[in-house]
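The structure appears below as C-alpha cells.
Residue numbers (full-length UniProt numbering): 1 to 434.
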C-alpha cells in the first residue's frame, strides 16, 4: 500500500538526504574554500587550506537536517500568515496608501536623524525601485524573461554622460535623451528575438547585456573605456545650480533664495527629484495595467497562443513591453550618472541585472508594492550588515533563501485581476423593458 502524500518522511531518509547534501557541499568547498592563490616573490602560488572543507560539510549537513525536521511544524505555524488577507474594511484606505507613502518618503531628508548617508541610501533605493518597475513590466506583466536589463541602465547612464560632457547639454535634455535612447535600443533588440521564448529568450538578453558592456569597455574613443566618463552635469532647478559658486552668467540656489549654502541641498534635491519620477512611474504603470495595452501584456504572459487567437498582435505587445521597461531603465541610468558624477563599465555587469531581477522575483512578479518592499530589502539589508563585511553576502543570500522558502511566489505573490466581471444576475427581459 502506498503511503499517503502528506505522510511524514522517516528520520533515516532525512539523515541520508542531509548526508548527501553535506558530501556535495564538501566537494564544492574544495575549490572555493580549500584552495587559494597567493602572490609571492616567486609568482602566483596555489596554497591548500582544507580545514574549512569538513566544516562546510558539517554546517550544510546540520542545516539540511534541521530544515527537514522543522519543515512540517513551520508550514503549520506559518499557514495562517501565508493565507492572511487584510479585512474588507481596510479596502477603503487602499487608495490613500500610495500618496501617504510618497509623503513619508518626501519627509525623510527633513527628519532630525537624516544625514548625507541616509539621503544617499534613500536615493540608491529609489534608483533600484525605478529599475525594478521597468523590469517588472517586461518580466512581471508581459512574462518575457530578461537577464540583460543592465544594458538599458548603462545606455541611459552613458547617454546622459556623453551628452552633458561632449555636447554640453543640460541635465534635463540629457535625461530625456537617455530614456529615449534606451527605449530605441530595446525596440531594436526585441525585433529579432520575437520568436524566442523561455530559456532561449533569457540567453539572448543575457548576451545583449554582455555585448553592451564589452562595447562600452572597448570603445575608448567615445566612452573612455575602463576609465569611464567624469564631469557629468548635475540637475538644476529652473537653471539654478546647487554649487557653492555659479558658472559665469548663472545663479546658485543659495543666492536666489537667501538660504545658506550646504552640500546637502544638492543631495536632497536629487532625492526628491527621483522620488517624484519613481512615484510617477509607479502611477503610470498602474494606469497602463487598466488600459488595453496593459491587459494585452498580461494576456501575453498567461498564454501567447490564446493571446494571438483573440486578435492581439504579440509582436506589438512584446515591443511595447520592452520599450516601456527600457525607458524607465534609461531614466534610472541618467539619475545614477548624475548622482555619481562618473560612470564606468564596472557598474553595469551581469550582477546588476541579476540584482534587479531578484528584486522583481522576490517582491512578486507583477506586484508594484512587492517591488518597492523587495528593493528596500535588497538595498538596506547589506548596509545594515556592513559591520560584518566578510560575511555580508552570506547573510544576504541566507535571508533571500529563507524568504523564498516561506513565500516561494514572492513577498506579494497575489495578482489582482485587472477587470472584474459583475456577479449580479441579469434581469429578465420583461423586467428590463419596464
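Backbone N, C-alpha and C define an ideal beta-carbon position, used for all residues, glycine too.
Bear in mind that the values here come from a model prediction, so they are computed numbers and not experimental data.
Beta carbon of residue i nearer than 9 Å to that of residue j
i, j, result
"residue 30", "residue 60", "no"
"residue 182", "residue 282", "no"
"residue 507", "residue 208", "Coverage of the chain is limited to positions 1 through 434, which leaves residue 507 absent and any answer about it impossible."
"residue 348", "residue 157", "yes"
"residue 180", "residue 330", "yes"
"residue 456", "residue 375", "The requested residue 456 is not part of the displayed model; the chain covers only 1 to 434."
"residue 128", "residue 284", "no"
"residue 229", "residue 124", "no"
"residue 52", "residue 68", "no"
"residue 170", "residue 236", "yes"
"residue 350", "residue 210", "yes"
"residue 217", "residue 226", "yes"
"residue 142", "residue 321", "yes"
"residue 275", "residue 106", "yes"
"residue 297", "residue 137", "yes"
"residue 146", "residue 353", "yes"
"residue 223", "residue 345", "yes"
"residue 378", "residue 362", "yes"
"residue 288", "residue 299", "no"
"residue 465", "residue 245", "Because the chain in this structure spans residues 1 to 434, residue 465 falls outside the shown range and cannot be described."
"residue 198", "residue 301", "no"
Expected contact under 8 Å - CB spacing of residue i and residue j to nearest Å
i, j, result
"residue 360", "residue 139", "5 Å"
"residue 232", "residue 161", "5 Å"
"residue 178", "residue 271", "That belief does not hold up - the Cβ atoms of residue 178 and residue 271 are roughly 19 Å apart, past 8 Å."
"residue 58", "residue 19", "Their Cβ separation, rounded to whole angstroms, is 11 Å, which puts residue 58 and residue 19 out of contact at 8 Å."
"residue 65", "residue 14", "6 Å"
"residue 119", "residue 268", "6 Å"
"residue 323", "residue 187", "5 Å"
"residue 318", "residue 194", "6 Å"
"residue 238", "residue 266", "Actually they do not touch by this definition, with Cβ atoms about 15 Å apart."
"residue 191", "residue 204", "Wrong, their Cβ atoms sit about 12 Å apart, outside the cutoff."
"residue 44", "residue 37", "5 Å"
Where the alpha helix (DSSP H) containing residue i begins and where it ends
i, result
"residue 340", "314-340"
"residue 163", "150-165"
"residue 300", "292-302"
"residue 22", "11-29"
"residue 370", "368-384"
"residue 352", "350-363"
"residue 270", "264-289"
First and last residue of the uninterrupted beta strand (DSSP E) at residue i
i, result
"residue 36", "35-40"
"residue 43", "43-48"
Any chain B beta carbon closer than 9 Å to residue i
i, result
"residue 262", "The displayed structure is made up of one protein chain only, and chain B is not part of it."
Cβ-heavy atom distance, residue i to the ligand GDP, below 8 Å
i, result
"residue 346", "Looking for the ligand GDP in the displayed structure turns up nothing, as the structure carries no ligands at all."
* To do: Give a yes or no on contact between the stretch 128-139 and the stretch 358-373, applying the rule of three or more CB pairs nearer than 8 Å.
  => yes
* Sequence ranges, beta strand (DSSP E) only - wholly within the stretch 184-253, length at least 3 -> none
* To do: Check whether the stretch 310-319 touches the stretch 335-344, counting contact only when three or more Cβ pairs, one atom from each stretch, lie closer than 8 Å.
  => no
* **Contained alpha helix (DSSP H) runs [length at least 4] in the stretch 90-136, N- to C-terminal order** => 94-106, 116-135
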